[in-house]
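Here is the structure we will look at.
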DNA sequence: GAGGATAACTGGTCAGACCGGTCTGACATC
DNA sequence: GATGTCAGACCGGTCTGACCAGTTATCCTC
């Protein structure tokens, strides 16, 4: 029994969609006995699943399945991004590809509830004057738009670049003129979605992203690497990771019914 | 010292882009001593990093950094995909968004070397008659196209859906008429890339994907979940995971210089 | 029946041990 | 002097067994 095999088996048993919907895993001792391995071995397997966010352990209580949000999938991405140098130009090119589509589809498919969420996110954005809250509601707006497109694959694609995008926003929103130009664009996108106007939403998103583009000078080709992470550390302290901040922001702006069944309530 | 903190610290020290380029980590015992924790504790942290593919341990030798390929990032995605039901229709919609762009950009930016790789991948595809080899070269072609677009973010986005796409290909390529219709489309895309014709490449890709679309009947709205995984298990045996097959395929069709510096040679 | 003490869980952490593979350097050989 | 060999140090892989601090269920008492 290799770690791979045991991991594979656990995913099959407890994390596949047709697995019993129970949110609780057997105890470490039980699992170790079942697979004929020692507890430390089982713990290493579980630690791996935990680090990837698939399960959550609570001392004294047990190990629980975590319903994965598509937007949570950026988790493992950071290291890969760090090893390749990603520049703002590359990110904007990718966002342009993806977000014109999500905006358009959101206009076609968004439920009333999602539109309400989008609206209140914009209100929060307009009311926020500090950098991080502003960026939080910004990333939440774009993420909700991706969710409103009702395609988990597109949603995940956006999720996978969300921490990078958040970094970009921290950079853009520091600039006051950009904010003055960009805020109305959010409203314009929102209005088009509300009016069920896909082409209008696409067009408004294009304008919005071009405004963001124009913020950059020479640094549009400078690697985006750790700038954002350092900003976060400086403002929020060292115990927060970029991914956590983004993930928190996304969850905060989702209404419970959009969130679906999140097993934080074990 | 929590596991989070230690993980975070190790990533900063050894996996960030500006970290010393050494490929080898200190020994488990040394790390445990440095962080003032026990070896089992350190091992759990390392096991997590290993499961995510960031490091690779070799008995008797040590622990080594693994250069992450963008296309490797699909790793943690499967569970999230499994919990949300992804249908072929959703996947095709996302691919249409992404791959028209990568095809177009590849036509603009692909190096001669990449074009050569793309060509030889197509030769392999045409020569392959069994299902899995056929699908392998198919996914490799599309993945190389994404790489040829010279944008790591787009490359990663494609990587994140590559295992789903591979599943789709296993399904499509089982149909003989689809293959007959689809194969010439590959050549057409390739010709447009070679001719530096972005619009032609975009157009050819659109036709290609629509052919794939037309393969589906009612099952276009059936969850894509485990069909592919079961096909793989049936053909290649139970010790292979979908992700491994895809990852192997992608690496096989890349020329060394495109691969860049992969530290499999510790 | 209600309340509280207890026992039986849970995960968290550790020390210490043994195994087999790998590397290095000293020693012996040619 | 160059070469080859081999012991010892080091590496990860795995296990046993233990103790702690929380949580939960049980059972006994009032």
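Residue numbers (our numbering), protein chains in the order written: chain R, 1432 to 1697; chain S, 1432 to 1697.
No residue lacks a Cβ here, since even glycine has one placed at the ideal position from N, Cα and C.
In the DSSP assignment, residue 1495 of chain S forms a beta bridge with S/1455, S/1487. For residue 1587 of chain R, at least one C-beta of chain S is nearer than 9 Å to its own C-beta. Of the residues assessed, residue 1613 of chain R falls on the buried side of the cut-off, its CB having 16 or more other CB atoms within 10 angstroms. The three-state reading of DSSP puts residue 1479 of chain S in helix, counting H, G and I together. The three-state reading of DSSP puts residue 1581 of chain R in coil, since its state is none of H, G, I, E or B. In the structure shown, residue 1447 of chain S falls within a coil segment according to DSSP collapsed to helix, strand and coil. Two segments are said to touch when three or more pairs of C-beta atoms, one from each, lie closer than 8 Å; by this definition the region 1509-1518 of chain S does not touch the region 1529-1546 of chain R. Close to residue 1542 of chain R, with beta-carbon spacing below 8 Å, lies no residue of chain S; the smallest spacing is near 16 Å.
The beta-carbon distance between residue 1601 of chain R and residue 1610 of chain R, rounded to whole angstroms, is 12 Å. This is too long to meet the 8 Å contact definition. When Cβ-Cβ separations below 9 Å define contact, residue 1651 of chain R makes no contact with chain S. DSSP, read as helix, strand or coil, puts residue 1639 of chain R in helix. As the crow flies, the alpha-carbon of residue 1652 of chain S is around 8 Å from that of residue 1521 of chain S. Closer than 7 Å at the C-beta level to chain R, one finds these residues of the region 1521-1538 of chain S: 1521, 1522, 1524, 1525, 1528, 1529, 1532. In this structure the region 1544-1558 of chain S does not touch the region 1538-1553 of chain R; the number of beta carbon pairs closer than 8 Å is below three.
Residue 1435 of chain S: member of the alpha helix (DSSP H) spanning 1434-1441, first to last residue.
Taking 9 Å as the cut-off, the beta carbon of residue 1673 of chain S is found no closer than this to the beta carbon of residue 1565 of chain S. For residue 1616 of chain S, the enclosing alpha helix (DSSP H) stretches over residues 1607-1625. Separation of the CB atoms of residue 1480 of chain R and residue 1438 of chain R is rounded to 7 Å, and the pair is thereby assigned contact status at 8 Å. For residue 1517 of chain S, no alpha helix (DSSP H) encloses it, and the DSSP letter there is neither H nor E. Non-local C-beta neighbours of residue 1462 of chain S in its own chain, meaning closer than 6 Å and more than five positions away in sequence, comprise 1473, ordered along the chain. Under the Cβ criterion of 9 Å, residue 1471 of chain R is counted among the residues facing chain S. Annotation: the continuous alpha helix (DSSP H) that includes residue 1676 of chain R extends over 1673-1683. Judged by DSSP secondary structure, residue 1652 of chain S falls outside any alpha helix (DSSP H); it is assigned neither H nor E.
Interface annotation, residue 1492 of chain S: not in contact with chain R, CB-CB separation never under 9 Å.
Around residue 1588 of chain R, the same chain offers 1529 as residues with beta carbons nearer than 7 Å, after the five sequence neighbours per side are excluded.
Between the C-alpha atoms of residue 1629 of chain R and residue 1573 of chain R there is a straight-line separation of about 16 Å. At a C-beta separation below 7 Å, residue 1475 of chain S has these neighbours in chain R: 1474, 1475, 1478. Distances from the CA of residue 1681 of chain S to each of S/1500, S/1469, S/1457 were compared; the closest alpha carbon is that of S/1500. Residues are counted here when their Cβ sits less than 7 Å from a Cβ of chain S; for the region 1563-1578 of chain R the count is zero. Contact check for residue 1497 of chain S against residue 1676 of chain S fails: the beta carbons are separated by 9 Å or more. Take the alpha-carbon of residue 1584 of chain S and the one of residue 1460 of chain R: they are about 42 Å apart. Counting the other Cβ atoms within 10 Å of the Cβ of residue 1563 of chain R gives 16 or more, which makes it buried. Chain S places no beta carbon closer than 9 Å to that of residue 1610 of chain R, leaving this residue out of the contacts. The beta carbon of residue 1509 of chain S falls within 9 Å of a beta carbon belonging to chain R, placing the residue at that interface.
Pairing residue 1466 of chain R with residue 1447 of chain R gives a Cβ-Cβ distance that is not under 9 Å.
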